[in-house]
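Peer 1: Sharing a structure, written as structure tokens. Questions coming.
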Amino acid sequence: MTLLPPVASRPYPWPFTGTWSMTDTALLCLGVQQDPVRECAAAGMVARLAEFLTRWRSLGGFVLLSRRGYQPAAGLPAPVAWRNGRRAVDRILPAGDPGWQIDPALAADGDEPIVDHSGDNAFIGTDLGFLLERRGIRNLIIAGLRAEGVVHATMREANDRGLECLLLEDGTASDSPEAKATILRITRFGNGLFGVTAPIAAVEAALHAPDAKAIPR
Amino acid sequence: MQVDFCAPGGWVDQLGESIANTRRPIGVIAGLLAAARRAGWTVIHTREGHRRDLSDLNPNKRWRTRGHGLGIGDLGRCGRVLTRGEPGHAIVPELAPHPGEIVVDKPGKGSFHATDLDRILRTRGIRNLVISGVTSDCCVQATMRDAADLGYECLLVSDATAAVETGNHDGSLAILSAHGGRWGAVAAADAVVAAIDPLA
Chain A
1 MTLLPPVASR PYPWPFTGTW SMTDTALLCL GVQQDPVREC AAAGMVARLA EFLTRWRSLG
61 GFVLLSRRGY QPAAGLPAPV AWRNGRRAVD RILPAGDPGW QIDPALAADG DEPIVDHSGD
121 NAFIGTDLGF LLERRGIRNL IIAGLRAEGV VHATMREAND RGLECLLLED GTASDSPEAK
181 ATILRITRFG NGLFGVTAPI AAVEAALHAP DAKAIPR
Chain B
218 MQVDFCAPGG WVDQLGESIA NTRRPIGVIA GLLAAARRAG WTVIHTREGH RRDLSDLNPN
278 KRWRTRGHGL GIGDLGRCGR VLTRGEPGHA IVPELAPHPG EIVVDKPGKG SFHATDLDRI
338 LRTRGIRNLV ISGVTSDCCV QATMRDAADL GYECLLVSDA TAAVETGNHD GSLAILSAHG
398 GRWGAVAAAD AVVAAIDPLA
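Heads up: the sequence lines are chains A and B, in that order. Read in order, the letters of the first sequence correspond to residues 1 to 217 in my numbering. Read in order, the letters of the second sequence correspond to residues 218 to 417 in my numbering.
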């Protein structure tokens with residue numbers, strides 16, 4: 001196992017323990033589905049994430065993808081369905097809808113798990129927490145859409161569960177730049193209310209740092 | 218609405234932050250509470266805080282809050298910060314729970330995490346939540362988001378919530394109000410009280 005050095009993140013170098021590794025860290029790629037990619041004009045973000053995922057996987061990194069949607073036969077809770085029907089954008093789509101599909105550039109590699117969630121918080125009603133516990137994951141690098149929706153809701157829950165979270169600043173997006181800026185600010189508030197934020201390049205720098213120490217397993 | 222967040226001598230105050238923002242909704246919430254109690258609503262108070270042995274305190278939460286010089290579980294002027302049973306953990310006297318009202322103690326920011334809140338609400342057949350308290354960027358928002366995901370119909374009372382930083386509050390309200398109310402509706406306390414209590 002290689003212990004990796006901290007990432008140059010804000011408001012503090014991540015993780016708080018000082019070191020991390022590919023075995024105790026997961027990359028969460030949340031809700032990067034065709035509809036939100038289009039609404040948030042996130043093609044650039046998708047391309048950056050696709051490159052990063054390729055490198056992450058080449059180092060043996062664990063990737064966990066998520067999709068927001070609902071089973072048509074199960075539906076949504078009444079208030080959620082009612083609001084969903086009134087919105088022109090950011091709609092929760094039925095599974096199988098073209099807009100529900102994960103962007104092909106970020107498709108699962110082989111048998112990588114995909115977590116399906118019907119709301120914004122990907123822990124609610126899913127096995128996400130179980131999957132992370134089973135693998136002994138302590139740190140999360142989080143990307144996806146939208147910053148103020150699925151991404152933030154899931155990061156809040158992860159933080160409450162004690163997971164040490166890093167949000168990729170250029171790996172998330174919104175159709176509202178103000179909303180994204182608010183989320184980044186709230187995340188970092190008070191020495192990291194919900195964790196830290198950093199650009200993808202800062203994580204890459206830590207992954208390839210010369211002082212990464214090889215520890216025999 | 219705990220001493221540690223909203224009262225002189227509490228944690229936020231001891232950190233040198235202004236408590237002007239977090240105190241502002243106290244009067245508004247008192248009015249809402251009075252109307253809700255007259256109407257016989259279920260009133261639920263939540264308190265963020267940890268068990269006295271801190272067995273429910275995540276190591277990174279402790280580390281981050283200690284970065285301020287006074288962390289959760291440390292002894293301050295109102296007892297141990299955000300620790301159950303300490304003076305700072307209590308709800309401010311103006312909004313103290315009445316006998317028989319439900320109090321949910323929670324170790325996280327979201328009120329559904331590691332608590333029986335969902336079970337309490339389902340047991341009582343509650344479908345609608347009117348939400349107030351502090352802080353809008355943290356516990357309030359986390360609770361409203363998860364409640365909406367769980368199928369509760371939420372209404373956030375805009376002048377009955379606040380954050381330490383005005384920018385974070387304004388940004389949170391903008392997000393929560395966007396797209397026709399992504400996680401529920403937002404209304405001022407006067408509108409809520411008028412609906413609860415048309416003759417008041």
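The beta-carbon is built from N, C-alpha and C at its ideal position, and this holds for glycine as well.
With a CB to CB cut of under 8 Å and the five nearest residues on each side skipped, what residues in its chain are close to A/Arg57?
Peer 2: Hits under 8 Å: Val63, Asp109.
Peer 1: How many Å lie between A/Leu167 and A/Ser66 at the Cα?
Peer 2: Answer to the nearest angstrom: the Cα atoms are 16 Å apart.
Peer 1: Here's a check: name, in chain order, each residue in its chain whose Cβ is nearer than 6 Å to the Cβ of A/Ala179, leaving out the five neighbours to either side.
Peer 2: Cβ neighbours of A/Ala179 beyond the five flanking positions: Glu148.
Peer 1: What is the DSSP secondary structure of B/Ser349, counted as helix, strand or coil?
Peer 2: DSSP places B/Ser349 in strand when its eight states are reduced to three.
Peer 1: Any beta-carbon of chain A closer than 8 Å to the one on B/Ile343?
Peer 2: Not one chain A Cβ lies under 8 Å of B/Ile343.
Peer 1: Within 10 angstroms of its Cβ, does A/Arg217 collect 16 or more other Cβ (buried), or is it exposed?
Peer 2: Only weak support exists for where A/Arg217 lies, its pLDDT of 41 falling under 50; the coordinates are left without a value.
Peer 1: Taking DSSP as the reference, what is the three-state secondary structure of B/Thr332?
Peer 2: Here B/Thr332 sits in coil by DSSP.
Peer 1: Please decide whether B/Ala391 counts as near chain A, where near means a Cβ-Cβ distance under 8 Å.
Peer 2: Yes, its Cβ sits closer than 8 Å to a Cβ of chain A.
Peer 1: For A/Ala206 and A/Phe130, what's the separation of their Cα atoms in angstroms?
Peer 2: Those two C-alpha atoms are separated by around 28 Å.
Peer 1: So B/Ile261 packs on B/Leu274, CB below 8 Å; how close in whole Å?
Peer 2: That belief does not hold up - the Cβ atoms of B/Ile261 and B/Leu274 are roughly 23 Å apart, past 8 Å.
Peer 1: Examine chain B for any beta-carbon lying closer than 8 Å to the beta-carbon of A/Ser176, and answer yes or no.
Peer 2: Chain B contact via Cβ: present.
Peer 1: In angstroms, rounded to a whole number, what distance separates the CA positions of A/Arg135 and A/Met1?
Peer 2: Going from the Cα of A/Arg135 to the Cα of A/Met1 covers about 15 Å.
Peer 1: Which value, in whole angstroms, describes the spacing of the CA atoms of A/Thr54 and A/Arg38?
Peer 2: In a straight line, the C-alpha of A/Thr54 is about 22 Å away from that of A/Arg38.
Peer 1: At 7 Å on the CB atoms, spell out the chain A contacts of B/Trp280, in chain order.
Peer 2: Within 7 Å Cβ-Cβ: Phe16.
Peer 1: Which residues in the same chain have their Cβ closer than 7 Å to the Cβ of B/Arg362, if we skip the five residues on either side of it in sequence?
Peer 2: Taken in chain order, the residues that qualify are Trp400.
Peer 1: Should B/Arg339 go down as buried or exposed, given a rule of 16 or more other Cβ atoms within 10 Å for buried?
Peer 2: B/Arg339 is exposed by the Cβ-count criterion.
Peer 1: At what residue ranges does the region 85-140 of chain A contain a whole run of the alpha helix (DSSP H), taking only runs of 4 or more?
Peer 2: As far as the region 85-140 of chain A is concerned, its whole alpha helix (DSSP H) runs of at least 4 residues are 128-134.
Peer 1: Would you please state the rounded distance, in angstroms, between the beta carbons of A/Pro11 and A/Asn121? I believe it to be under 8 Å.
Peer 2: Actually they are not in contact, since the Cβ atoms of A/Pro11 and A/Asn121 sit about 24 Å apart, beyond 8 Å.
Peer 1: Give me the Cα-Cα distance between A/Pro104 and B/Gly293, rounded to the nearest whole angstrom.
Peer 2: If you take the alpha carbons of A/Pro104 and B/Gly293, they lie about 53 Å apart.
Peer 1: What are the residues in the region 186-210 of chain A lying within 9 Å of chain B by C-beta distance?
Peer 2: So the list reads Ile186, Phe189, Gly190, Asn191, Gly192, Leu193, Phe194, Gly195, given in the order they occur along the chain.
Peer 1: Examine chain A for any beta-carbon lying closer than 8 Å to the beta-carbon of B/Cys223, and answer yes or no.
Peer 2: B/Cys223 does not count as touching chain A.
Peer 1: If we call anything under 8 Å between Cβ atoms a contact, is A/Met45 one with A/Asp175?
Peer 2: Not in contact: A/Met45 and A/Asp175 (Cβ atoms no closer than 8 Å).
Peer 1: For a quick check, are the C-beta atoms of A/Leu76 and A/Ile102 less than 8 Å apart?
Peer 2: No; because the gap between Cβ atoms is not below 8 Å, this pair is not in contact.
Peer 1: Which residues of chain A have a Cβ atom closer than 8 Å to the Cβ of B/Glu382, listed in chain order?
Peer 2: Ordered by position in chain A, the residues that pass the 8 Å Cβ test against B/Glu382 are Phe189.
Peer 1: If we call anything under 8 Å between Cβ atoms a contact, is B/Ala402 one with B/Leu372?
Peer 2: Yes, the Cβ-Cβ distance between B/Ala402 and B/Leu372 is below 8 Å.
Peer 1: Write down the C-beta distance between B/Ala313 and B/Val351 rounded to the nearest angstrom, noting that I regard them as a contact closer than 8 Å.
Peer 2: In fact, because the Cβ distance is near 16 Å, the residues do not count as touching under 8 Å.
Peer 1: Just list the beta strand (DSSP E) runs in the region 227-307 of chain B, keeping only unbroken ones of 3 residues or longer that don't cross its boundaries, in chain order.
Peer 2: Within the region 227-307 of chain B, the complete beta strand (DSSP E) runs of at least 3 residues are 261-265.
Peer 1: Does the region 278-288 of chain B come close enough to the region 196-203 of chain A to have 3 or more Cβ pairs within less than 8 Å?
Peer 2: At 8 Å Cβ cutoff, the stretches do not touch.
Peer 1: Given that B/Asn385 touches chain A, what residues does it touch there, using C-beta distances under 8 Å?
Peer 2: Simply Thr182, Arg185, Ile186, Phe189.
Peer 1: Flag A/Pro36 as yes if its beta-carbon sits less than 8 Å from any beta-carbon of chain B, otherwise no.
Peer 2: Taking Cβ atoms only, chain B never reaches closer than 8 Å to A/Pro36, which makes this a no.
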